[in-house]
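Below you'll find the structure, written out as structure tokens, and then a few comments.
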Amino acid sequence: MERKGDFISTNIRYKKETEVVTFQGKEITLENLSPVFTPEQEAAKRRELEQQLYEVFRKYADKRQKEEAGA
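Residue numbers (the numbering used here): 39 to 109.
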């Protein structure tokens with residue numbers, strides 16, 4: 039594992055999905071890469087996302103409370 043700041047970097051595997059679509063008469067190949075996480079990595083990502091969402095909602099809830107108090 040390599041540590042970069044507060045982020046721990048590991049070798050992450052990806053699932054590759056390929057699809058050929060037609061756009062304006064031309065065939066285009068679309069490739070989508072999705073990370074494949076271990077259950078532990080998935081739980082850590084979920085906690086990180088929940089914490090970030092909490093911070094956003096708290097910021098706006100605090101702002102709204104201040105606006106309502108001033109009104």
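All C-beta atoms, glycine included, are put in the ideal place defined by N, C-alpha and C.
- The beta-bridge partner set that DSSP reports for Leu68 consists of Glu57.
- Only residues of its own chain outside the window of five on either side were considered, and among them Lys53 have a CB closer than 6 angstroms to the CB of Ser72, listed in chain order.
- The C-beta distance from Leu68 to Val74 rounds to 19 angstroms, too long to meet the 8 angstroms contact threshold.
- Taking a C-beta distance under 9 angstroms as the contact criterion, Ile50 and Gln79 qualify as a contact pair.
- Membership of Gly108 in the alpha helix (DSSP H) is indicated by the continuous run 77–108.
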